[in-house]
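Just below is one structure, and these are the notes that go with it.
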């Protein structure tokens, strides 16, 4: 019964998406957009997203769960993939979904896609809590950088920052754009993708400030495991917004340990991780954007066995989807 119900609902979604797509194409050709049709399309995607939990519940323990997801994916795929967001998440041109161009697409918040349907699906993706959380974490990290460095600045001390898996580095430059003491900031931005660093240089680090910025292309996982070493000196803030979602517990702990070794006493480590939320199935099963979700207790447990011990706070951005463990080295 579960299989039958799931199939017929997936069929209905597909049929209506096909119909809406056809109507939008016609409207586009005539130059008369129909807002009602466009809104129905968004409502339908919201409905589909909500149904994924029912699909999962209906098929759980049946032994056919993966087959069912494959079927739902195949039915919806041609419509989803018209969205730039969905297409990039699924095809992963850099090998992982959350690359710097995906971050920039979310930040720009300008829907792009093939035809009007593509733009509508993209609008849906850009308005979901996961995308909003990425905007929120940009603000949260900017504020953390400001509050931690302000203490040093008051004493005329330099704050040395390292951003791991830095992507386009927007939060760092948001902070520098407002920072009154940028001559007291030294930042090292590390990413496995040299194009992310090139992009930062060309499009992000483009306003006057007095901070010292170094860009370094390195595999942060190898660094965490001690397989590569660099003379980094001691740092005051080490942070990573989106790396830990891809790390299993062993690698996460190795990262914490390596960061602890590189911090000055009193230094701060800030590590972000998504927590499971209602859209997780949409990302995992339809876009194949698979993350390792962790809640507050998971993060506290990961830190408990390290040199930081229980000396951590958990913060969250406004959507409460992206959590941040903030740990201080004694």
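In my numbering, the protein residues as written are 1 to 330. Using N, Cα and C, we set each Cβ at its ideal position, and we do this for glycine too. No experiment lies behind these values; they were computed from the predicted model shown.
Keeping to the same chain, check which residues put their C-beta closer than 6 angstroms to that of residue i; ignore five residues upstream and five downstream.
i           : result
residue 215 : 189 and 197
residue 28  : 116
residue 323 : 273, 275, 314 and 316
residue 43  : none
residue 41  : 20 and 120
residue 104 : 168
residue 218 : 190
residue 182 : 176, 209, 210 and 211
residue 138 : 170 and 171
residue 160 : 186, 235 and 236
Express the C-alpha separation of residue j and residue i in angstroms, rounding to a whole number.
i           : j           : result
residue 211 : residue 107 : 24 angstroms
residue 113 : residue 81  : 9 angstroms
residue 72  : residue 10  : 6 angstroms
residue 5   : residue 271 : 42 angstroms
residue 155 : residue 251 : 36 angstroms
residue 2   : residue 18  : 24 angstroms
residue 206 : residue 157 : 25 angstroms
residue 131 : residue 319 : 10 angstroms
residue 69  : residue 176 : 45 angstroms
residue 220 : residue 213 : 18 angstroms
residue 146 : residue 26  : 51 angstroms
residue 263 : residue 180 : 24 angstroms
residue 293 : residue 30  : 45 angstroms
residue 142 : residue 204 : 15 angstroms
residue 93  : residue 194 : 14 angstroms
Identify whether residue i lies in helix, strand or coil by the three-state DSSP scheme.
i           : result
residue 159 : strand
residue 131 : helix
residue 276 : coil
residue 103 : helix
residue 319 : coil
residue 330 : coil
residue 264 : strand
residue 191 : strand
residue 120 : helix
residue 113 : strand
residue 91  : helix
residue 313 : strand
residue 271 : strand
Which residues in the same chain have their Cβ closer than 7 angstroms to the Cβ of residue i, if we skip the five residues on either side of it in sequence?
i           : result
residue 281 : 52, 53 and 56
residue 126 : 85, 106, 109 and 111
residue 201 : 215
residue 90  : 81, 287 and 288
Here's a check: name, in chain order, each residue in its chain whose Cβ is nearer than 8 angstroms to the Cβ of residue i, leaving out the five neighbours to either side.
i           : result
residue 267 : 234, 235, 236, 237, 238, 328 and 329
residue 308 : 256, 260, 269, 327, 328 and 329
Against chain D, with Cβ distances strictly below 7 angstroms, would residue i count as a contact?
i          : result
residue 67 : Considering every chain present, this structure includes no chain D. It has just one protein chain.
Three or more C-beta pairs under 8 angstroms: does that hold for the region 37–54 against the region 90–101? no
For the structure I just gave you, are there three or more beta carbon pairs, one from the region 52–68 and one from the region 148–165, closer than 8 angstroms? no
Evaluate contact between the region 245–259 and the region 215–230, counting only Cβ atoms and requiring at least three cross-stretch pairs below 8 angstroms. yes
At a cut of 8 angstroms, does the region 120–133 reach the region 80–94 through at least three beta carbon pairs? yes
Runs of 3 residues minimum, wholly inside the region 13–71: which ones carry the beta strand (DSSP E) assignment? none
Tell me, please, whether the region 236–243 touches the region 159–178 by the rule of three or more beta-carbon pairs shorter than 8 angstroms. yes
Can you list, in chain order, the stretches of the beta strand (DSSP E) that have 3 or more residues and sit fully within the region 210–261? 212–217 and 235–240
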